[in-house]
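Peer 1:
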Amino acid sequence: MTALITRNELQAAIDAGTVTVVDALGGDYYAQQHLPGALALVRDEVDDLAPSLLPDLDAAIVTYCSNPACPNSGQVADRLTALGYTNVRKYREGIEDWAGAGLPIESA
1 MTALITRNEL
11 QAAIDAGTVT
21 VVDALGGDYY
31 AQQHLPGALA
41 LVRDEVDDLA
51 PSLLPDLDAA
61 IVTYCSNPAC
71 PNSGQVADRL
81 TALGYTNVRK
91 YREGIEDWAG
101 AGLPIESA
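Start counting the sequence shown at 1; every next residue gets the next number (full-length UniProt numbering).
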């Protein structure tokens with residue numbers, strides 16, 4: 001099971017520039033809104049795109065999707081771990097929690 005990260009921990013890591021954030025929703029959802037600096041990477045594209053998007057297997061990576069009921073972030077995190085990434089965590093509460101807290105979001 002992927003380790004979790006809290007909103008406050010994630011916000012601090014984003015502010016410090018010490019994490020790569022991965023939006024596991026992709027497509028139109030990503031275009032409409034995503035966490036600051038997030039990369040779009042959906043489960044079906046992990047094997048093909050992760051080596052170029054995420055070249056450092058030891059970098060801090062956090063996946064997220066919409067909310068705790070959404071399985072996408074866990075699926076992407078699990079696949080990254082299976083590919084050898086060593087520092088993957090999941091923001092279970094997702095973008096709904098982030099936006100609901102009034103934190104900044106971006107759009108494509």
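All C-beta atoms in this analysis are idealised placements derived from N, C-alpha and C, irrespective of residue type, glycine included. As the structure is a computational prediction, the values presented were derived from the model and not from experiment.
When you compare only the Cα positions, how much space is there between D28 and L39?
Peer 2: Here residue 28 corresponds to residue number 28 of the sequence shown, with the count starting at 1. Here residue 39 corresponds to residue number 39 of the sequence shown, with the count starting at 1. Distance between the alpha carbons of D28 and L39 is about 13 angstroms.
Peer 1: Taking the alpha carbon of L83 as the reference point, which residue from A31, L10, P36, L49 has its own alpha carbon closest?
Peer 2: Counted from its first residue, the sequence shown places residue 83 at position 83. Comparing Cα-Cα distances from L83 to each of A31, L10, P36, L49, the minimum goes to L49.
Peer 1: Where does D23 land, buried or exposed, given buried means 16+ other C-beta within 10 angstroms?
Peer 2: The residue given as residue 23 occupies position 23 in the sequence shown. Counting Cβ neighbours within 10 Å, D23 comes out buried, since at least 16 surround it.
Peer 1: Taking all protein chains shown into account, do 16 or more other C-beta atoms lie within 10 angstroms of the C-beta of G102, making it buried, or fewer, making it exposed?
Peer 2: On the sequence shown, residue 102 is found 102 positions in, with the first residue counted as 1. Answer is exposed; the Cβ neighbour count stays below 16.
Peer 1: Quick one: using the 10 Å Cβ neighbour count with 16 as the cut-off for buried, is L10 buried or exposed?
Peer 2: For the purposes of this step, residue 10 is taken as residue 10 along the sequence shown, with counting starting at 1. The residue in question, L10, is buried, as its Cβ has 16 or more Cβ neighbours within 10 Å.
Peer 1: Kindly indicate which residue of D78, S66, A12 has the alpha-carbon position closest to the one of T2.
Peer 2: As a working note, residue 2 is residue 2 in the sequence shown. The shortest C-alpha separation from T2 is found at D78.
Peer 1: What did DSSP end up calling residue 113 once you bin it into helix, strand or coil?
Peer 2: Only positions 1 to 108 of the chain appear in the structure, and residue 113 is not among them; the question remains open.
Peer 1: Assign L41 to buried or exposed, taking buried as 16 or more other Cβ atoms, counted over all protein chains shown, within 10 Å of its Cβ.
Peer 2: For this step, residue 41 is matched to residue 41 along the sequence shown. When all chains shown are included, L41 counts as buried.
Peer 1: Per DSSP, L4 forms a beta bridge with which residues?
Peer 2: On the sequence shown, residue 4 is found 4 positions in, with the first residue counted as 1. K90.
Peer 1: Are the CB atoms of I5 and R89 nearer to each other than 8 angstroms?
Peer 2: Translated into the one-based positions of the sequence shown, residue 5 becomes position 5. Translated into the one-based positions of the sequence shown, residue 89 becomes position 89. Result yes, Cβ atoms of I5 and R89 sit closer than 8 angstroms.
Peer 1: For the UniProt domain "Rhodanese" (15-107), which segments carrying the beta strand (DSSP E) assignment without a break, of at least 3 residues, lie completely within its bounds, in sequence order?
Peer 2: 20-23, 61-64, 88-91, all fully within the UniProt domain "Rhodanese" (15-107).
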